[in-house]
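Here's the structure we're looking at; comments come further down.
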Amino acid sequence: MPQPHAPANSAAPPSGDAEHPFRYTAALANLIEPQWQKRWEERGTFIVPNPGQPGFDASRPKFFCMDMFPYPSGAGLHVGHPEGYTATDIISRYRRHTGFNVLHPMAWDAFGLPAEQYAIQTGVHPSITTRKAIDTFRRQLKRFGFSYDWSREFATIDPDYYRWTQWIFLRIYEAWYDAQRNHARPINELIAEFESGARGPCINPNAAEFSNEQKARTFGAWKSLNRQDQRTIIDSYRLAYLAQQMVNWCPKLGTALANEEVIDGRSERGDFPVFRKPLKQWMFRITAYAERLLNDLALVKWPESTRVQQSEWIGRSEGAEIDFSIAGLAGGASPPLRVFTTRPDTIFGATFMVVAPEHPLVNEILKKPAPATDAAKLRAYVEAARNKSDVDRQAEGKDKTGVFTGIYAINPATSQKIPIWTADYVLMGYGTGAIMAVPGQDIRDWDFAKRFSLSIVRTVQPPKDWQGDAYLGEGPAIASANAEVSLNGLNIADAKRTIIDWLERTGCGVRRINYKLRDWLFSRQRYWGEPFPIVFDSEGNHYPISEKSLPLTLPEMADYHPIESDDPQPLLAKASDWIKTTAGAAGVAAKLLPPNAPVKREANTMPGWAGSCWYYLRYCDPKNAQRFVSRDAERYWMVSTKGDGSPHAGGVDLYIGGNEHAVLHLLYARFWHKVLFDLGEVLTPEPFGRLFHQGMILSYAYQRADRSLVPIDAVEVRGEPGGGNFIETATGQKVTQIVAKMSKSLKNVQNPDDVIAEYGADTFRLYEMYMGPLEASKPWNPRDIAGCFRFLQRVWRLVVDEQTGALRFAPSRSDEIEKHLHRTIAKVAGDIERLAFNTAIATMIEFTNAATAAGGI
RNA sequence: GCGCAAGUGGCGAAAUUGGCAGACGCGCCAGCUUGAGGUGCUGGUGGGAGUAAAAUCCCUUGGAGGUUCGAGUCCUCUCUUGCGCACCA
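With our numbering, the residue at position 74 of the first sequence is 69, and numbering never jumps.
Shown next, in the form of structure tokens:
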């Protein structure tokens, strides 16, 4: 508790009024709070030592309690920030008092677009604006009195930090995924296997960046291969690889975006349109981890909704990959058309095929059209699909379009010739980019068949009263037999099993699991991000910069305007002095390239997610210059020491942040962590053992009858007080009060600094915890704050004489109050454990009221 | 369209495991206090019937039905709102 006395050196007590000079007022709060904050700072009260450091108490269990670190925006702290931060602060203080070593740190997620966009407008270097914003955030957070160990503070833009971000990138670059052993291994072990002959040289069959033909290419003995072939093979295994492929290009942001950053064909940040463009980009083979990223969700104590979102994003589905031979393609034999289906049991009803417009087969056909091919029409359709932005594709809805390619496939089950169409409802990015269409049992295929008058065969018996179109439900298979196999009468599961066995026997198909998850696009064409520790020789081959040459720092730029070009260009390409260097100067190992070889640096930078993928590890050991985190520190803070059955996966004991990161940050960080785990750099399979999402703090807004919104200052209340008659001043029209996000245009943004000035930080923190359940979104109501302030005032009055400032005691000890106190302590402790701060506070209010009524404690 | 949450007084909400619905706060009402009002103090406050005042009775957790001695809580259907995914074969 704060000292119940004004400081001795203060000239006069900060008073509410002359009668009560020692009343708890905003002025008093604003005097006491900084005084204690200063003392905590001077004494290092919240600094926690690591194992091996002076003052470390090995007898205590550990607790790693973490917030999602903020992007320090120029606008300063939002009232939403302190909500989660107050929660973790309460938990941290509680755990310290109940015998834990608590790691409770704060840092800055400081690379990002806003600072760069500001630099484009003003020419001010992003580091200047970012450092300034960090200073503001730090000042604001310190004023809240959060018990962070500030000695561990860092920013992702510190070269001492991003040096290790680059180092981890190189670990991923120099790793491959061993699908047999189901974990990543150093790439040197793969090379050794090739050299020893333990593994025959081949392109990674799981490499998405290679076509099936490239993968099928056969290689001779490793030693007989030229360096280029060896390189191609090795690169096809790397977990970080370069690929020329269609990316989500956002011209407005001047950069490509990851799939996860695109929502409904628009950028997650800024809401700008996104187009498809071919671009050579760094990718992470996150798909190699799809199964483990999915399965290990069972190990963590996370909100169910977040686990569901992640597993849906990973999108596992079981089925079969089936080859359909192609008939009628000019120029003789061609490889079969491979499809993925989750319903192989319906293959007897596959009456046509559809390939994506981007499918290589379409290109083949355009080169050598069949007699039935309307080449002009086909070309026009493919061109149109290619130029369409994703926004346009979305806007067109689900009306089916498509063109017959003029060639046919043979259904291996029925031996019938079925036409191959192309249509943009089949996506190149999922499965094989080709489907067997079964209109009888698939709504999309049904729509398409109806639209183009293609034949429909039902192979699952619908119920008697079935009026609908495609039937997706359970039922016995019908019309599904050939000379070798019959599915008739079987339910869906049995039919699937039977047909897959048959397909595997005849070599037409295999059992197969497919994921929606795509590899992670990791290049951005921006300035304000981590440079890649990679250079290219004159032939365009890439080489890593050696570890001891890190960090590779960003060059200064004269101006930050994007390069104007039809082709997307990274901004760093303008820094030609930096780009052009030699292998030696860049720090490439001499065994890879001679030191005088001219090289060009990678001009793309890493996305904003990079720094947040491992910052929790750096907290454990933020000053380490030898390693990204010492093994001892990581073992102590990340590995669970309690056998209470809670976090099986270890990792951070409590991680609180918004659910907007349910897929993006949390999936990416898990991926990096798992690679580091496989390579033996960290000890736990998951980074975050327990995750909690705080709700959003909303605000009141006003809505006209036409649902348009009115700024809060353009509304007045008329009629009975509290009756809720809200009138728009300008028009005199009635408006309704609704709850909406805070926004500048609605003028309902609350500024934390103002609230602290009016009530003090303790009232602010108390209010945010009292508003409702931590996980719920709830509206900010300025009127309610006063209730929390009054409570603190009553607590103060309970123990401090408002006239003299002396401590007050009840005239006599009361068993009843004593019992009540202990009931309160028990209740509050239980509530804190379950993050139910609102009811903990209510309980304390009850006790205070009871004690006041009893005349004190 | 599919999936996941949620719906309780005038408002934010509580009820942790099926056991007194509405704790606690805001607002409102009455009174006190201050030289005059905001952030002081005390008491009252879900709705209805009833009473001089009490007692007392009835109703109430979006809606309809069900299970149970007992339902805000469990089940079925349904409506509304929010969020997520969305041609993923």
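Ideal Cβ positions, reconstructed from N, Cα and C, are used throughout, including at glycine.
First and last residue of the uninterrupted alpha helix (DSSP H) at residue i
i, result
"G79", "H76 to H92"
"Y172", "Taken as a continuous stretch (DSSP letters only), Y172 belongs to no alpha helix (DSSP H), being part of the beta strand (DSSP E) at A170 to D173."
"R222", "R222 to D230"
"Y538", "Y538 -> not in any alpha helix (DSSP H); beta strand (DSSP E) instead, spanning H537 to P539."
"E770", "No alpha helix (DSSP H) contains E770, which DSSP labels as neither H nor E."
"C615", "That residue, C615, is in no alpha helix (DSSP H); it is neither H nor E in DSSP."
"E786", "The residue asked about is misnamed: residue 786 is Phe in this sequence, not Glu. Element bounds for F786: P777 to V794."
"K595", "Per DSSP, K595 belongs to no alpha helix (DSSP H); it is in the beta strand (DSSP E), P593 to R596."
"M860", "Because residue 860 is not part of the residues shown, which for the chain are -4 to 852, the question remains open."
"L108", "L108 to T117"
CA-to-CA distance, residue j to residue i, given in whole angstroms
i, j, result
"D489", "E469", "11 Å"
"P617", "F149", "7 Å"
"L741", "L136", "26 Å"
"E597", "F527", "6 Å"
"P246", "L292", "36 Å"
"I812", "N746", "39 Å"
"R856", "N654", "Lying before the first or after the last residue shown, residue 856 is absent from the chain, which here runs from -4 to 852."
"F832", "H178", "42 Å"
"W35", "F51", "18 Å"
"T250", "V257", "12 Å"
"C783", "V74", "16 Å"
"A849", "L769", "32 Å"
"K586", "Y168", "18 Å"
"C197", "I321", "26 Å"
"G323", "G582", "56 Å"
Closest residue to residue i among the options (Cα-Cα distance)
i, options, result
"Q689", "W35, E14, R18 and D62", "D62"
"I415", "D460, D748, I360 and Y236", "I360"
"Q728", "S703, N477, D748 and N746", "S703"
"N844", "F786, D810 and I827", "F786"
"E753", "Y19, H15 and E14", "Y19"
"K814", "E208, L830, R829 and I852", "I852"
"Y611", "Q520, D648, T577 and V583", "D648"
"R453", "I342, D460 and M423", "I342"
"L289", "Q305, Q276, P298 and R91", "Q305"
"G118", "A553, A848 and V744", "A553"
"E78", "T213, S54, E676 and G652", "G652"
"N243", "Q520, T213, T151 and L449", "Q520"
Cut-off 7 Å between Cβ atoms - residues of its own chain near residue i, not counting five sequence neighbours on either side
i, result
"A756", "E28, R138, F139 and G140"
"G646", "M633, T679, E681, P682, F683 and G684"
"S142", "F41, D84, S87, R88 and H99"
"K372", "V398"
"P546", "P154, Y157, R158 and Q161"
"K395", "A418, Y420, D442, F443 and R446"
"R147", "P100, Y614 and P617"
"G767", "K773 and N833"
"N591", "T577 and G579"
"V97", "V43, F58, C60, S87, R90 and R91"
"T819", "T838, M839 and F842"
Close beta carbons around residue i, own chain, < 6 Å, minus the five adjacent residues each side
i, result
"P46", "D627 and Y631"
"Y663", "W604 and C608"
"M601", "G524 and E525"
"E841", "none"
"L659", "E255"
Segment limits, beta strand (DSSP E) that includes residue i
i, result
"L248", "Neither: L248 is in no beta strand (DSSP E) and is coded neither H nor E."
Validate contact between the stretch 732 to 744 and the stretch 691 to 706 using beta carbons, cut 8 Å, 3 pairs: A contact exists between the stretch 732 to 744 and the stretch 691 to 706.
Three-pair Cβ contact test at 8 Å for the stretch 503 to 513 versus the stretch 273 to 288: yes
Segment contact, 8 Å Cβ cut-off, at least three pairs: the stretch 467 to 485 with the stretch 328 to 337: Under the three-pair Cβ rule at 8 Å, the stretch 467 to 485 does not count as touching the stretch 328 to 337.
Touch test, the stretch 228 to 239 against the stretch 475 to 482, Cβ-Cβ under 8 Å, three pairs minimum: no
Touching by the beta-carbon criterion (3+ pairs, under 8 Å), the stretch 491 to 507 and the stretch 305 to 318: yes
Validate contact between the stretch 193 to 212 and the stretch 223 to 235 using beta carbons, cut 8 Å, 3 pairs: yes
The stretch 363 to 378 in contact with the stretch 424 to 438 per 3-pair CB rule at 8 Å: no
Segment contact flag, the stretch 260 to 277 with the stretch 182 to 192, C-beta cutoff 8 Å, min 3 pairs: no
Given 8 Å, three or more beta-carbon pairs between the stretch 65 to 77 and the stretch 101 to 119: The stretch 101 to 119 and the stretch 65 to 77 touch, with three or more beta-carbon pairs separated by less than 8 Å.
Cβ contact (3+ pairs, closer than 8 Å) linking the stretch 163 to 182 and the stretch 562 to 579: no
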